[in-house]
Every structure is written in structure tokens, then in C-alpha cells.
Amino acid sequence: MSSTTTVAEKVSTAADDAEKASAAAASEAQDVAPGGTTITDAPPETIKMRGKDVDVFYGEKQALFGVSLDIGDRQVTSLIGPSGCGKSTFLRCLNRMNDTIDIARMEGEITLGDQDIYDPTIDVVELRARVGMIFQKPNPFPKSIFENIAYGPRIHGLADTKADLEEIVVTSLQKAGLFDEVKDRLDAPGTGLSGGQQQRLCIARAIATSPEVLLMDEPCSALDPIATAKVEELIDELRENFTVVIVTHSMQQAARVSQRTAFFHLGILVEVGATDQIFTNPRDTRTRDYITGRFG
Amino acid sequence: MNRHTVTAFDTDLAALVRDLAGMAGWVERSVERAVDALMTGSADTAEAVIEDDERVDQSDRDIEAGAVLLIAKRQPMGDDLRVIVSTMRVSQDLERVGDLAKNIAKRALIIDGAFHQRKLARGVDNLANLVLSQLKRSLEAFVERDTAKAREVWAHDTEVDALYTSLFRELLTYMMEDPRNISACTHLLFCAKNLERIGDHATNIAERAVYAQTGELIADDRPKRDELGLQDVTARH
């Protein structure tokens, strides 16, 4: 995702927001007192981002209750839970995407490294270059493949020469595992690619600005199984260089791609632990009921 | 525990555990009857045990196929996954117990001199009673998800080992008393060893019961008294 809010992004964001806000409104989250989170593993060795006592409100409705979660550096953290549980809300706090919703209000603290990302002096555009985002539906700009990726680095002044820019484009496409498939048609429109290719293009676009953290909001839910497998493979490679936080409705996907899993329910962070443990032996009854398909 | 949203999952899981319980019934009966054949010298009983083993083997194959299908269809997580995987392993243990029972039955057919053997075999009967109780209780613990019972079974295995060791000495004494006992006693010794191994399978099942319920894998650090006893006996004689 590029660092500025583009039209394409705004459309997707607005649609997403409406969905999230209504989901939050529909949940009974407001009746639930902040509960203690069961943490079953040691804290990550290096903490990249840290959420502390995060409350989020959509108007009168409270969507998150005192969520504290450490995001480990260069590992994949998955956020799971039923619809309206607050996992996307929390994800969107991590690069202040919720700022784009008028009625959304956040309390608590979120830090990136040592920096409070809600500090008034923070440049949000620059923050989103450091904490990129990939959405559920691939949303390439209506431009060429090349321009989709060149856009971010160019407006952030990351490339001095045309050759530099080309190198960034090629490297980003390579890292996203897309280069070989599109190298002969970089001038073709990005929207002409298949769904899976478009999603990898969006990932290439997000990593073109050399972010530190990549946020993914159900990045595979619009893709077929083969495209999903490619994106999952990519996520596994990305964690060498990036910190990844992924929201997914597929528990199998969370089990496959992440090292740490956080389970949200009714706006509460119920349980956090090593992915291996969460899916074979969760501690909290709510986590167990959710992962074994016994909810509701 | 709540039911699954997909109720067919509950049905399939229940069927799998029911199949295992059915298999367990057959295996327990085989062990009982094999020991009975050994004590009474009844060839009919021994042959029935040998025939029944095919049924036990088939149950093991059916349970494995059922478990594999469940994993493929439902992608189980958490306790469901642990129960399904444990069921497969318990089924394997039971299949081995069936083989050991069959082996005892075969030896029962070979040993002659029923009158004399009854006295010699009394110790084997004691061991068999203890092992059967261990096996029954481990299976109850697994099916009833009773971890306390499973831990008891696990802890009691040292008794089986101790009894086996003393039986070893006893049979060795009979052999030294009268060389004509050697043939029967050697068979009985193998039977005792088979029973001791059935006891080990009961312990495995108890471990699986604890794992299925809690996710805890009990470390296998029980004292191995039989081996120590063996060294002791062979050193003396």
C-alpha cells in the first residue's frame, strides 16, 4: 500500500469502514468489562510494535476494551476471532487507518519502536510508509504495473534517478514473487492482472517504500486456493525482512503462516500465545470453542 | 463441552470414539480368553482368540481410515485434533495388544501337561489379572476423559514390572527344580513377557488419555524395574 491515501484506497477504506462500524455496532461488545488476557508464551524477543490498554469507540459503541498486545519483530502475528470481535479494528489502529473514520476514537497507547504513533507531531503519511497495509480486495491503482509500484517511492523521494526507481520496482516485484510473471508487460495496466497477481502487486507496492511493518487484512479471502498458497508462501518469505500482522478468518491460514496468534472476542483480547500452542492446546474456553468450531 | 456448529462433526467424532470402545471390548476379551486358555488348556478358547485377531486388525484399519477422513474433512483443531490423533494411537496400541493375546493363545495350544501347568501358571494368572485391570482402566480413562484415572494407571505400571520380575524368578526356580518343566516354563515366560508388554500398552493408552484431555505429554521417566531385576537374576545364576 502506498503511503498516501489515494482515491482507490479511500473507496476501499470507506467500504471497509462501513462494514467494520456496523459489525461493531451489531456486537454486544459494550456490555463486556475489560478482561484479562491469557498470555501463554514468553514475550517476543524484540518487540516491534506495542499496543497498551487500547480502547476504541465507534461513536457511542466501544469496539475494543483495554487491548495490550506486543508485536514481535520479523515474525508473523495473526489476529483471529469471529466477525465484529475487534481484530480488524486493532489492526487498523497500528497505522492509524481508523483516523479516516470520523466517529472512531482511540484511547491508550500504540508505539512503533520507541515512538508513540498517536503523538500529534507524527506525520501520518510517513507513518503509513513505515507501516504498510494490504486489504482484503486487491486494489491496484488504475495505472501500469510499473507505476503502481513506482508511485510510493517517487512521492516519498526514495529514488534519485530513473535507474534507482526501476531498481526499486524490479526488486519489489521480485520480493513479491511476481516479477517473472509480469516482466514482459510492466506497462500493462495493473487491473488487468488476475486476482492473485493483483494482490501480490499490492504487496509489492506496499514493500516498495521499505516499510518496517506490513498489516494484512484478510489478504487471501478474495483469492482462489492456488493464489492463496502463493500469497502464504510470500508471507513466509516476507518475515525475513518485515514484521507482519495478519487478520484472517481462516484458522488454518493463521496456523500455517504465523508464529504468534492473538484471539479476539467481543472487543477483548482473550488469549495470546505461540501459534503451535493456540491451535493444539488453547487455555481459554472461548479460544477453544472458537478454534474447534463450537461457537454460538 | 458445547456442540460443534457443524453437528455432523460431533456425530463423526462420537462414531470414531464408539468404534474405538468397541475394539477395546474385543481386545480385552481376547486377553481374558487367552489367559483362560493358558490356565485351562482349552484348545477351543485358544483358537477362538486366534480367529478374533483378524477382527481386531480390521478395527484398527477402520479407525485409522475414519480418523484420516475426519482430519481431511474437518481440519480439526485443539481438543478435537488431540482426541482424533490419540484415538489413532490407542487403536494401534490395541492392535498390538491383540497380537500379544494371540501369541499367548498360540502358546497355550503348544504347552502340554495341563495338570502340571496349572500350578506353574498360577503366577502368570496373577500378573494377567493386574494387567487386565490396567488395560480396562486405561481404556475407561480414555473414553471417559478421566485424567485422574489415567495417571493412576500410569503410576501402577511399576507394580506390573515388579510382578513380572518376581514371576521371572519363580519360573526360573521351577526350571531348576525339574528340567522337565523347562519347556512349559519357557512358554510361560514368554506369556509373562507378553503380559508385561500389554501393561506397557495400557500405560501408553493412559498417556494418550492425559494428552487428549490436557495437551500434556507425560515424559516417560518411569523406573524400569524389570530390566534391573533381569540383571540381578542373571548375575546370581
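Protein sequence lines, in the order shown, are assigned to chains L and G. Quick note: the first sequence, position 105, residue 105 per the numbering used here, numbers continuous. The number in the numbering used here is simply the position in the second sequence, starting from 1, with 1000 added. For glycine and all other residues, C-beta sits at the position ideal for the given N, C-alpha and C. Only a predicted model underlies this, so the values are computations on that prediction, with no experimental measurement involved.
Quiz item: The alpha helix (DSSP H) with R1074 (chain G) in it runs from where to where?
Solution: By one-based count along the second sequence, residue 1074 (chain G) stands at place 74. First-last of the alpha helix (DSSP H) with R1074 (chain G): 1043–1074.
Quiz item: In chain L, which residues lie less than 7 Å from N1002 (chain G) when you measure between Cβ atoms?
Solution: One-based indexing of the second sequence puts residue 1002 (chain G) at position 2. At a beta-carbon threshold of 7 Å, the residues of chain L lying near N1002 (chain G) are D289, R294, ordered along the chain.
Quiz item: Any residues in the segment 1070–1081 of chain G with a beta carbon nearer than 8 Å to a beta carbon of chain L? Which ones, in chain order?
Solution: Taking 8 Å as the upper bound on Cβ-Cβ separation, chain L lies near residues R1074, Q1075, P1076, M1077, G1078, D1079, D1080, L1081 of the segment 1070–1081 of chain G.
Practice problem: Could you check what DSSP says for V125 (chain L) in three-state terms: helix, strand or coil? | Solution: Looking up residue 125 (chain L) in the first sequence gives position 125. In the structure shown, the three-state DSSP call for V125 (chain L) is helix.
Quiz item: Do we get a CB-CB distance below 7 Å when we pair A1015 (chain G) with the residues of chain L?
Solution: Position 15 of the second sequence, counting from 1, holds the residue named residue 1015 (chain G). No, because no Cβ of chain L sits closer than 7 Å to the Cβ of A1015 (chain G).
Exercise. Please look up how many angstroms separate the CB atoms of I962 (chain G) and K1102 (chain G), rounded, as I've assumed it's under 8 Å.
Key: Given that chain G is displayed from residue 1001 to residue 1237, the structure contains no residue 962 (chain G) and the question cannot be resolved.
Self-check item: Environment of I226 (chain L) [buried if 16+ CB atoms lie within 10 Å]
Solution: By one-based count along the first sequence, residue 226 (chain L) stands at place 226. I226 (chain L) comes out exposed.
Practice problem: Name, going along the chain, the residues of the segment 272–288 of chain L whose beta-carbon falls closer than 7 Å to a beta-carbon of chain G. | Solution: Here the close residues are F279, T280, N281, P282, R288.
Quiz item: Just how far apart, CA to CA, sit D99 (chain L) and D1060 (chain G)?
Solution: By 1-based counting over the first sequence, the position of residue 99 (chain L) is 99. By 1-based counting over the second sequence, the position of residue 1060 (chain G) is 60. D99 (chain L) and D1060 (chain G) have their C-alpha atoms some 59 Å from each other.
Self-check item: Proximal residues, the segment 233–264 of chain L versus chain G, C-beta separation under 9 Å
Solution: Shown in chain order are the members of the segment 233–264 of chain L whose Cβ falls below 9 Å from a Cβ of chain G: M251, Q252, A255.
Quiz prompt | At least three beta-carbon pairs within less than 8 Å, the segment 1062–1069 of chain G to the segment 1016–1035 of chain G | solution = The way I'd put it, the segment 1062–1069 of chain G does touch the segment 1016–1035 of chain G; three or more beta-carbon pairs between them come closer than 8 Å.
Quiz item: Is L1215 (chain G) close to chain L, meaning its C-beta is less than 7 Å from at least one C-beta of that chain?
Solution: Working through the second sequence from its first residue, we reach residue 1215 (chain G) at position 215. What sits at residue 1215 (chain G) in the sequence shown is Gly, not Leu. The Cβ of G1215 (chain G) sits closer than 7 Å to at least one Cβ of chain L.
Quiz item: Between T275 (chain L) and the rest of its own chain, which residues show a CB-CB distance below 8 Å, the 5 nearest in sequence each way excluded?
Solution: Taking the first sequence and counting its residues from 1, the one referred to as residue 275 (chain L) is at position 275. Only S78, A254, A255, S258, Q259, R260, T261 meet the Cβ criterion.
Quiz item: Closest to T1203 (chain G) by CA distance: which of G:D1080, G:D1125, G:Q1134 is it?
Solution: Taking the second sequence and counting its residues from 1, the one referred to as residue 1203 (chain G) is at position 203. Ranked by Cα distance from T1203 (chain G), the options G:D1080, G:D1125, G:Q1134 are led by G:Q1134.
Exercise. Would you give the residue range spanned by the alpha helix (DSSP H) that Y290 (chain L) belongs to?
Key: Reading the first sequence from its first residue, position 290 is the one you call residue 290 (chain L). Taken as a continuous stretch (DSSP letters only), the alpha helix (DSSP H) holding Y290 (chain L) covers 285–291.
Quiz item: Terminal residues of the continuous alpha helix (DSSP H) containing K162 (chain L)?
Solution: Working through the first sequence from its first residue, we reach residue 162 (chain L) at position 162. In the DSSP assignment, K162 (chain L) falls within the unbroken alpha helix (DSSP H) covering 162–175.
Quiz item: Are any of the Cβ atoms in chain L nearer than 7 Å to that of T1005 (chain G)?
Solution: Sequence index remark: in the second sequence, residue 1005 (chain G) carries index 5 (1-based). Answer yes: the Cβ-Cβ gap between T1005 (chain G) and chain L drops below 7 Å somewhere.
Quiz item: Thinking C-beta only, is L1167 (chain G) closer than 7 Å to L1127 (chain G)?
Solution: If you number the second sequence from 1, residue 1127 (chain G) lands on position 127. If you number the second sequence from 1, residue 1167 (chain G) lands on position 167. Cβ atoms of L1127 (chain G) and L1167 (chain G): closer than 7 Å.
Quiz prompt | Cross-chain neighbours of F1009 (chain G) in chain L, by beta carbon under 7 Å | solution = Taking the second sequence and counting its residues from 1, one reaches residue 1009 (chain G) at position 9. Taking a Cβ-Cβ threshold of 7 Å, the residues of chain L close to F1009 (chain G) are G293, in chain order.
Quiz item: Does the beta carbon of S3 (chain L) come closer than 7 Å to any beta carbon on chain G?
Solution: Numbered from its first residue, the first sequence carries residue 3 (chain L) at position 3. For S3 (chain L), the predicted structure reports a pLDDT of 43, less than 50, and the residue's modelled location is therefore unreliable. The matter cannot be settled from this model.
Exercise. Please report how far the alpha carbon of L1172 (chain G) lies from the alpha carbon of R1107 (chain G), in whole angstroms.
Key: The residue given as residue 1172 (chain G) occupies position 172 in the second sequence. The residue given as residue 1107 (chain G) occupies position 107 in the second sequence. Whole-angstrom Cα-Cα distance: 18 Å.
Quiz prompt | Distance, Q62 (chain L) Cα to V56 (chain L) Cα | solution = Position 56 of the first sequence, counted from the first residue, corresponds to residue 56 (chain L). Position 62 of the first sequence, counted from the first residue, corresponds to residue 62 (chain L). Taking the straight line joining both Cα atoms gives about 6 Å.
Quiz item: Of the choices L:Q174, L:N95, L:V54, whose alpha-carbon is the least far from that of I149 (chain L)?
Solution: Here residue 149 (chain L) refers to the residue found at position 149 of the first sequence. Per the Cα distances, L:Q174.
Quiz item: Using a Cβ-Cβ cut-off of 8 Å (strictly less than) and excluding sequence neighbours within five positions of T1214 (chain G), which residues of its own chain qualify?
Solution: By one-based count along the second sequence, residue 1214 (chain G) stands at place 214. Listed in chain order, the non-local C-beta contacts of T1214 (chain G) below 8 Å within the same chain comprise T1147, local neighbours out to five positions each way being set aside.
Practice problem: Determine the extent of the beta strand (DSSP E) in which G273 (chain L) is found, giving its start and end residues. | Solution: If you number the first sequence from 1, residue 273 (chain L) lands on position 273. Boundaries of the beta strand (DSSP E) around G273 (chain L): 268–274.
Quiz item: Looking at the structure shown, is K183 (chain L) part of a helix, part of a strand, or coil, going by DSSP?
Solution: The residue labelled residue 183 (chain L) in the question sits at position 183 within the first sequence. In the structure shown, K183 (chain L) sits in coil (DSSP, three-state: anything other than H, G, I, E or B).
Quiz item: What residue range is occupied by the uninterrupted alpha helix (DSSP H) comprising G196 (chain L)?
Solution: Residue numbering aside, residue 196 (chain L) sits at position 196 when the first sequence is read from its first letter. 195–207 is the extent of the alpha helix (DSSP H) around G196 (chain L).
Practice problem: Select from G:E1028, G:A1043, G:G1098 the residue whose C-alpha is nearest the C-alpha of Q1058 (chain G). | Solution: Taking the second sequence and counting its residues from 1, the one referred to as residue 1058 (chain G) is at position 58. That would be G:G1098, whose Cα lies nearest to the Cα of Q1058 (chain G).
Practice problem: Classify L1069 (chain G) as buried or exposed, calling it buried when 16 or more other Cβ atoms lie within 10 Å of its own Cβ. | Solution: Along the second sequence, read from residue 1 onward, the residue named residue 1069 (chain G) stands at position 69. Exposed, since its Cβ has fewer than 16 Cβ neighbours within 10 Å.
Quiz prompt | A188 (chain L) in three-state terms, based on DSSP | solution = To locate residue 188 (chain L), count along the first sequence from 1; it is residue 188. Judged by DSSP in its simplified three-state form, A188 (chain L) adopts coil rather than helix or strand.
Quiz prompt | Selected residue, minimal CA-CA separation from I1111 (chain G), among G:D1157, G:E1152, G:L1188 | solution = As a first step, residue 1111 (chain G) is located in the second sequence; it is residue number 111 there, counting from the start. Cα-wise, what sits closest to I1111 (chain G) is G:L1188.
Quiz item: Roughly how many angstroms lie between the CA atoms of K52 (chain L) and T1005 (chain G), to the nearest whole one?
Solution: As a working note, residue 52 (chain L) is residue 52 in the first sequence. As a working note, residue 1005 (chain G) is residue 5 in the second sequence. Going by the C-alpha atoms only, they are around 34 Å apart.
Quiz prompt | Delimiting residues of the alpha helix (DSSP H) encompassing D53 (chain L) | solution = Counted from its first residue, the first sequence places residue 53 (chain L) at position 53. Unbroken run through D53 (chain L) is the beta strand (DSSP E), 47–58; no alpha helix (DSSP H).
Quiz item: With a CB to CB cut of under 7 Å and the five nearest residues on each side skipped, what residues in its chain are close to C1191 (chain G)?
Solution: In the second sequence, residue 1191 (chain G) corresponds to position 191, counting from 1. Answer for C1191 (chain G): L1038, I1104, R1107, V1124, listed in chain order.
Quiz prompt | Residue interval of the beta strand (DSSP E) (run including R260 (chain L)) | solution = Residue 260 (chain L) sits at position 260 when you count from the first residue of the first sequence. Segment 260–265, the beta strand (DSSP E) holding R260 (chain L).
Quiz item: Looking at the structure shown, is Q62 (chain L) part of a helix, part of a strand, or coil, going by DSSP?
Solution: Mapped onto the first sequence, residue 62 (chain L) falls at position 62. Strand, per DSSP.
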